[in-house]
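Here the protein sequences come in this chain order: A and B.
Adding 13 to a residue's 1-based position in the first sequence gives its number in this note's numbering.
Adding 4 to a residue's 1-based position in the second sequence gives its number in this note's numbering.
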Amino acid sequence: MLNFFSYNDWILHSLVWIPIVGMVHVLWSPEERAKYLALGWSTVVLVLSLGLWWAYDPAINIGGYQLSSSHSWIRQWGASYSLGIDGISIFLVLLTTLTTPIAILGSFNYITKKEKSFYALMLLLEFGVIGVFTALDLFLFYVFFEMTLIPMYFIVGIWGGERRIYAAVKFFLYTAFGSLLMLVAILYLYLRAKTLTGVPSFAFIDLFQISLSPTEQIWLFSAFALAFAIKVPIFPFHTWLPDAHVEAPTPGSVVLAAVLLKMGTYGFVRFLLPLFPVASQHPTVVMIMMTLGVVGIIYAAWVAAVQPDAKKLVAYTSVAHMGFVVIGIFALNINGLQGGMLVMISHGISTGTLFLLLGMLYERRHTREIEDFGGLSLVAPWLATAFVITALASIGLPGTSGFVGEFLALLGAFESHPVIGGLATTGVIFAAYYMLPMVQRIHFNPLDKDKNSKIQDLSRREIIILAPMISLMIWIGVYPTPFLERMEPSVKAIIENVEASTSLNDSEDNKYEIISSVPELIIHTSNIDDNKIADHLNSDETVN
Amino acid sequence: MSNINLIQETGIGEGWEPLLPGLIILLPLLGFFINGVLALWEAKKSAAIIREGNEDTTAGLNSSKAHSWPGWIGPGVIGVAFVLTLINFVRMLEGEASEPIIREYWTWMATGSLEIAAAIQIDQLAIIMVLIITGIGFLIHIFSVGYMHGDPGYPRYFAYLNLFIFFMLILVMGSNYPVMFVGWEGVGLCSYLLIGYWFDQEEKASAGKKAFIVNRIGDFGFLLAVFLLFTNLGTFDYGSIFARGEEVFEYGGPLVTTITLFFLLAAVGKSAQIPLYIWLPDAMAGPTPVSALIHAATMVTAGVYLVARSSLLFAMAPVSSAIVAGIGVFTAFFAATIALKQYDIKKVLAYSTVSQLGYMFLGVGVGAYTAGFFHLITHAFFKALLFLGAGAVIHSMHYALHQTHKDWDAQDIRNMGGLRKCMPITWITMWIATLAISGIWPFAGFFSKDEIIWMTGSIAGADNAPYPGLYTVYWVMALVTAMLTVIYMTRLMIMAFHGMNRTGSKEFGHLHEAPKHMWIPLVVLAVFSVIGGWINVSKDIQQSFLGGFGNIPMAGWLHHWLEPVTESAHHIQEIHWGAISHSAPLGGGEVAWGALSTTAALIVLIVTVWMVRSDKISVATEDSDPRGLSKVIYNKWYVDEFYGHIFIRTLQRLSKFAWRIVDIKIIDRSVGIVAGGMRALGWLASLTQSGQVNTYAFIFTVGILLIFGIVIF
């Protein structure tokens, strides 16, 4: 059925560009129709993207990219417009296409000024994020990566709370600082590849093939890692996040938590491990990353527990959750990496939903202080039920999405570093310590504040927003196998590639040459080369 | 027929065909969904009433369908599940199965280096647990129909209760540790929801939260134990772990000791043992049938189940086992002392539960897995009965005090007295339970408790027993605790049911016997509190004590029944500990000590009856504060305060330090300094752009000269 429409050929391009079409449409339409149009276009993207679930087949081209295509873009530099997905990016793309319409639907009441610009920016953001997750060219990736900064900067800066300017600038400077370091590293990598192969190229598959000396790897790793660590964010680079979350409007927070943070962890998996396998498993590097992950888990949980502002509390829990992702990734084994991936998905869903729910509370009471609530279960039982389920998913109750990811990430970490894995497991205690008191103080306890007793329960629109998210939490918790089996080949390929580099590293003589024994990953992705050559030829013809 | 032949030929096989085992789990879940939908519907209606400013939320709700259906659906699904379990149990008895039956439903997690199936396992241990959970669960559901009648959250109550049964069944029926963990945390969730059932009272909501957080400390231990098992054995399944455990682990080695100690942490959290018992007394904030079901009969025994399930591992770790037994007996003693001085009827029973769970830990800790499990069964009967009886009393007291608008505590035994006149069924059945828990022959508790104490003494005299002196101490403490049990239970019964009534003359007229929804479960449980002990009467005891009744075919039945589960553990123990002495440290056989202890218990009971002068008791409002040691015990040895100071306050201080100092002052400020530095550099650079052409020309010239200089030299 999907093949009949040759779905595989056009889908990724459509997912990237339809949001732009939608943006233009929104901008050219009257103000009052903006939200409906934005919702419509993002829903189209969502519906189209669902086919990826079947179009991506983990059994073919194992560990490589699928649905890939490549077109020459800036020929002199070797930059290309190449898109594709694998078992890692497919879920992040789907997460993006899901959360965007939900965030848009969640902002109907929240956003009251300059609606047109707001919804246009939301679609621009979707464009950028989908681009980040589907790009197969480092230059293209970087363009998309930087591009996401702009809409988010304006979303926080224009529609945010009282300290929105401060938060927006902080967010921008922090991440831009990291990105610039990464740019330097990218250019170095590019030039190095060019001298080795003679052909300028930014394509992942070309870059993955160059062999770097361990020293180079460490330096480049550090530059990339810092950029991504700020994005994730990893302790101690996290202080922009609470401010950005607190000031951002609800939809901004939702997209920020659900997908923007994942660009950082995606970067770890997509670039750090394949590009710098030697650095990635250097004991000191691993120790630093694992330690930062564990410190993040525990420290952020502690800080979260004493926040008077509910939104800030949830923002800190994001740092803790991302700690699980980091220790999962740098466990450098299949369980850990699969767990880390699943934590990303699960965090996107549950924390995104928590921000939606806090937004709903804010719309009703115009406050984020936990103090101001109490006893809401009595007047808004449905809202409270949704909140409790989401909170439990967030703290990893078995049967919800949070558990599967955390369990696997912790198990993976424990397999390679028992002490760190053990310390990280205390996170399950501290998660209860930060989450349950908040739930109690908002939804339980006496209904003793007059303003709270008039609160309305969920509207139909809000139920439509929450129902799919909660269903996903339960589905992934009960039956995560379809997710795990789709990501397994890609995860395996990355781990095998890292492991293969151990032996390569031992022999010093092939330091500056193209690796003769090509790692697993490259064999499977080589089909793109053919495409690319064909494209080169095609484009030559058209130019002439 | 051919099936049976095949099994006989090969010697292995299932031996019996289970009837819809998955449905046993599914039925409570179905009940949860139906009741949950009704609850959401009901809550929406009452929310609308509150928003309109109407205080009385129950008005007009009781008559609705949402308020009568849960009373049928809730107990109904559990009743059907119980019948199904009974059918399976009978089939299992006839089939004489030895191998567990495993049903795999789907692959829960598979990453390429591990695979966890959503699978259940029915074996001798699981089926008994399922019988208790669905059987007693059914009775308590029925009791709840009467007890919770008229509560605005009626459907929500049954939704939670059904969900609890669902998770509890997963806990005991799972065929691997991760699936058990689903139930393990799931029952914790239901406990949290049900303790805080009246969530609009801060104290109750907080009690639920406390239970959840303390339990999570145990869950941490569970996870680490499971991780260690996986990294060493590469599997989570009971079958493969216990089949290979003996060859992979070294007897008494550090690895198996660590694993079992982490499991012990989990068990200590769930079963409310020292040092994590503090949540259980607070858990009494929940409705009383919940206390009976979750905090007496089923959930809190999950720790004992865990140890019994992992008996092979514990048998290989003598140090851990000794710690299990030590924690058990010390908790039993410690909690019993606290129970002596409590006035809240539920608090007495709560500490009594902690104490009795300690006995079970002692049993499984000394390697008497059957004895520990046996006490779990009998305790489920008599403690559920005691709690339900207390529920009936509270229900009646509450009604009476409500009728006359007296704001006395309905749970304080000082405010009761003489209740036997108005609540005869409750009175008699609770006395039966009291005699059972006191270990008086021929009630159920006698057989199980006596066996634990007896086995403890016997281990002390085993040929190569580790730490015989330690086990002797355990044995003495267990005996002393048995006497304390008699004292606090008798005190409770006398104060509540005997002597003059202290509730007030107006109120006394309103006190009444429980409705039949409530007293029928009491009677059923009372019957089992009498005969429940016969399932595992030891041969010696049977001949001496029950000789007059002829030979009961049940003698040693439970022991024999559980053999497939526990035999490898017993085997290991026998190899390393040598033959068990079968005599107490002071000499004498089981029969002699049994006779002695039951006589002693009777004497203590009579002395207590004589000591507790009900005419000297003053009501709660007029009573003087306890002093001296009484005060310390009344305040539970100040353990909660100690924890509050040491752990909770430290954690809060650390958290505030992390936020206010580390996050704001150190990290964010240094980021600010870096940003400031950048700005300063920018400012310096901007100085050069003065707009004066001659300055530019000067810098340009200097630059050129510099470059030339570098190139030339």
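Heads up, the beta-carbon is just placed ideally off N, CA and C, and yes, glycines get one too.
- Non-local beta-carbon contacts of Phe167 (chain A) in its own chain, meaning distances under 7 Å to residues more than five positions away in sequence, involve Leu134 in chain order.
- Of the residues B:Val706, B:Leu344, B:Leu227 and B:Val480, the one whose Cα lies closest to the Cα of Gly425 (chain A) is B:Leu227.
- Residue-level contact check: Ala445 (chain A) touches chain B, since one or more beta carbons of chain B fall below 8 Å from its beta carbon.
- When rounded, the separation of the alpha-carbon atoms in Phe651 (chain B) and Ala437 (chain B) is 38 Å.
- Closest in alpha carbon position to Thr302 (chain B), among B:Ile463, B:Glu207, B:Phe240 and B:Leu135, is B:Leu135.
- Within its own chain, the residues whose Cβ lies closer than 6 Å to the Cβ of Lys183 (chain A), once the five positions on either side in sequence are excluded, are Trp253 and Asp256, listed in chain order.
- Looking from the CA of Ile137 (chain B), the closest CA among B:Leu97, B:Ala123 and B:Val81 belongs to B:Val81.
- Chain-ordered, the chain B residues with CB closer than 7 Å to the CB of Pro493 (chain A) read Met113.
- For Ile402 (chain A), there are no C-beta contacts with chain B under 7 Å, since the nearest C-beta of that chain is about 11 Å from it.
- Runs of alpha helix (DSSP H) with 4 or more residues, each lying fully within the region 286-355 of chain A, are found at 290-293, 296-318 and 323-343, listed in chain order.
- As summarised for the region 63-119 of chain B, the continuous alpha helix (DSSP H) elements at least 4 residues long and confined to that stretch are 69-99, given in chain order.
- Nearest in C-alpha terms to Gly277 (chain A), of all of A:Val319, A:Ile342, A:Ala261 and A:Glu428, is A:Ile342.
- DSSP places Leu24 (chain B) outside both helix and strand once states are collapsed to three, so it counts as coil.
- Closest option to Ile105 (chain B), judged by alpha-carbon separation, among B:Phe93, B:Thr111, B:Gly116 and B:Thr115: B:Phe93.
- For Gln453 (chain A), the residues of chain B that pass the 9 Å Cβ criterion are Gly200, Phe203, Glu206, Ala209, Ser210, Gly212 and Lys213, in the order they occur in the chain.
- Taking a C-beta distance under 8 Å as the contact criterion, Val319 (chain A) and Ser659 (chain B) qualify as a contact pair.
- Annotation: the continuous alpha helix (DSSP H) that includes Ala247 (chain B) extends over Tyr242 to Val252.
- Counted as a single uninterrupted DSSP element, the stretch harbouring Gln346 (chain B) is not any beta strand (DSSP E), since DSSP gives it neither H nor E.
- Shown in chain order are the members of the region 458-481 of chain A whose Cβ falls below 7 Å from a Cβ of chain B: Asn458, Pro459, Leu460, Ser466, Lys467 and Asp470.
- Among the residues of chain A, those whose CB is under 8 Å from the CB of Ser117 (chain B) are Asn346, Ile347 and Asn348, following chain order.
- Shortest Cα-Cα distance from Ala211 (chain B) to any of B:Leu27, B:Leu193 and B:Ala689 involves B:Leu193.
- Per DSSP, reduced to three states, the secondary structure at Ile383 (chain A) is helical.
- Exposure of Gln693 (chain B) is indicated by the presence of fewer than 16 other C-beta atoms within 10 angstroms of its C-beta.
- For Trp86 (chain A), the enclosing beta strand (DSSP E) starts and ends at Gln79 to Ile87.
- Interface residue (Cβ-Cβ distance to chain B less than 8 Å): Gly435 (chain A) is classified as such.
- Leu709 (chain B) and Leu691 (chain B) have their C-alpha atoms roughly 22 Å apart.
- Using beta-carbon distances, Glu498 (chain A) counts as an interface residue toward chain B, with a partner under 8 Å.
- Taking a cut-off of 8 Å on C-beta distances, the region 106-122 of chain B touches the region 181-197 of chain B, as three or more cross pairs fall below it.
- The beta carbons of Thr366 (chain A) and Thr403 (chain A) sit about 5 Å from each other, so the pair counts as a contact at 8 Å.
- Under the three-state reduction of DSSP, Ser542 (chain B) is assigned to coil, being neither helix nor strand.
- Per DSSP, Ile457 (chain B) is one residue of the alpha helix (DSSP H) stretching across Ala448 to Ala464.
- The beta carbon of Ala312 (chain B) sits closer than 6 Å to the beta carbons of Val368, Tyr373 and Phe377 from its chain, once the five residues preceding and following it are set aside; these are given in chain order.
- Within the region 217-232 of chain B, Ile217, Arg220, Ile221, Asp223, Phe224, Leu227, Leu228 and Phe231 place their CB atoms closer than 7 Å to a CB of chain A, listed in sequence order.
- The Cβ neighbour count for Ala480 (chain A), taken over all protein chains shown within 10 Å, is under 16; the residue is labelled exposed.
- In the structure shown, Gly503 (chain B) adopts coil according to DSSP, grouped into three states.
- Contact with chain B is found for Gln351 (chain A), since one of that chain's Cβ atoms lies less than 8 Å from the residue's Cβ.
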